[in-house]
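Visitor:
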Amino acid sequence: ALQVAVLVFANWANPRQPEGVFAAVFAAKWLLTAVAGLAFAGMAWRWIGLPGKRLLLSITAVAITAIAVPGHPELAMLVAVVGLAISTSGQEGEAGEWFDQTWSYAKLIFPLLIGGVLAAGFLLGRPGHEALIPSDWIAAAVGGNSLQATFLASLSGSLMYFATLTEVPILQGLLGSGMGKGPALALLLAGPALSLPSMLVLSSILGWKKTLTFALLVVLLAAATGWVFGLVAIP
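The opening position of the sequence shown corresponds to residue 18 in our numbering, with each subsequent residue numbered one higher.
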């Protein structure tokens with residue numbers, strides 16, 4: 018829960034309304050992140066048995082970075098992540114296993130993420146800069162928040178294969194090329210849940226009737242969710 022709190026507060030976005038609870042949390046996001054991080058460090062020392070000296074050195078390094086570069090709290094966050102990795106590396110028991118599993122996932126996911134970013138930039142470009150796929154095509158197919166565009170995005174997502182985390186840079190490129198936020202949500206919901214290869218595998222186990230029923234439910238629910246999001250959340 019404390020790890021989730023750190024991630025939630027560190028990624029808290031600036032709300033459109035300058036007043037209210039969300040604005041107050043945004044104003045204090047890094048303070049809340051620091052409090053959650055200190056609580057997590059105390060829990061890791063008390064319950065998991067991480068070395069107190071390593072944790073203390075990490076906390077000191079984070080504090081020095083925050084004071085030296087107050088305008089860039091992301092650097093302090095980076096130092097905290099590195100400090101946590103150093104504190105858990107080489108340890109026995111749960112802490113060492115946590116580090117080994119995290120490092121294994123990082124080595125597996127990071128190349129895919131970099132590949133997704135490069136592919137998205139090469140094919141979709143960025144706002145104001147065209148790439149191989151013209152932004153007019155994206156805007157014409159899935160621009161706006163119409164039911165047709167949302168359903169097309171959901172259907173396309175169900176047939177495409179997204180490697181882990183590659184959907185994020187691809188979706189960012191599509192949004193920069195004119196894709197509506199409702200269709201973007203539909204694509205983000207349907208993409209990880211379905212793909213053409215996964216449907217082929219499922220059909221050999223469940224049969225085509227159950228597989229197509231499952232695919233239809235995913236596409237329709239993702240499209241409905243994206244369409245409602247486009248109507249309610251988009252001014």
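Every residue, glycine too, gets a C-beta built ideally from N, C-alpha and C.
Can you tell me where the alpha helix (DSSP H) with Arg71 in it begins and where it stops?
Guide: Gly69 to Ala85
Visitor: How about Val185 and Ala170: are their beta carbons less than 8 Å apart?
Guide: no
Visitor: Closer than 8 Å is the cut-off here; do at least three beta carbon pairs connect the segment 209-223 with the segment 185-200?
Guide: no
Visitor: Given a threshold of 16 other Cβ atoms within 10 Å of its Cβ, counted over all protein chains shown, does Val249 qualify as buried or as exposed?
Guide: Counting every other CB atom within 10 Å of its CB across the protein chains shown gives Val249 a total below 16, marking it as exposed.
Visitor: Along the alpha helix (DSSP H) that carries Pro209, what are the first and last residues, could you check?
Guide: Lys198 to Ala210
Visitor: Are Thr228 and Leu219 closer than 8 Å when you measure CB to CB?
Guide: The criterion of a C-beta distance shorter than 8 Å is satisfied by Thr228 and Leu219.
Visitor: Could you pull out every residue in the same chain whose Cβ sits closer than 7 Å to the Cβ of Ala58, ignoring the five residues on either side in sequence?
Guide: Leu72 and Ile76
Visitor: Report all residues from its chain with a CB closer than 7 Å to the CB of Gly208; omit the five preceding and five following residues, and keep chain order.
Guide: Gly174, Met177, Phe179 and Glu184
Visitor: Can you tell which of Ala136, Phe168, Leu149 and Leu234 has the C-alpha that lies nearest to the C-alpha of Ile187?
Guide: Out of Ala136, Phe168, Leu149 and Leu234, Ala136 has the C-alpha closest to the C-alpha of Ile187.
Visitor: Just how far apart, CA to CA, sit Val21 and Asn28?
Guide: 11 Å
Visitor: Given a cut-off of 8 Å, decide if Trp244 and Leu164 are closer than it, judged by their beta-carbon atoms.
Guide: yes
Visitor: For Val23, is the classification buried or exposed, using 16 other Cβ atoms within 10 angstroms of its Cβ as the cut-off for buried?
Guide: buried
Visitor: Going by beta carbon distance, what residues of the same chain come within less than 8 Å of Ala166, once the five residues before and after it are set aside?
Guide: The residues are Ala158, Val159, Gly160, Gly197, Gly199 and Pro200.
Visitor: By the 10 Å Cβ neighbour count, where 16 or more other Cβ atoms means buried, how is Ile84 classified, buried or exposed?
Guide: Ile84 sits exposed, since fewer than 16 C-beta atoms from the chains shown fall within 10 Å of its C-beta.
Visitor: When the Cα atoms are used, what is the spatial distance from Val86 to Val38?
Guide: 27 Å
Visitor: Between the beta-carbon of Ile65 and the beta-carbon of Glu114, is there less than 8 Å?
Guide: no
Visitor: Sort Ala156, Leu48 and Ala102 by Cα distance to Leu74 and report the nearest one.
Guide: Of the listed residues, the one whose Cα sits closest to Leu74 is Ala102.
Visitor: Should Phe26 and Leu49 be called a contact, given that it needs their Cβ atoms to be closer than 8 Å?
Guide: yes
Visitor: Using CA atoms only, rank isn't needed, just tell me which of Leu223, Val236, Trp225 and Asn162 is closest to Gly247.
Guide: Asn162
Visitor: Give me, in chain order, the residues of the same chain whose beta-carbon lies closer than 8 Å to that of Leu223; leave out the 5 immediate sequence neighbours on both sides.
Guide: Phe231
Visitor: In terms of residue numbering, what span does the alpha helix (DSSP H) encompassing Ala56 cover?
Guide: Lys46 to Met60
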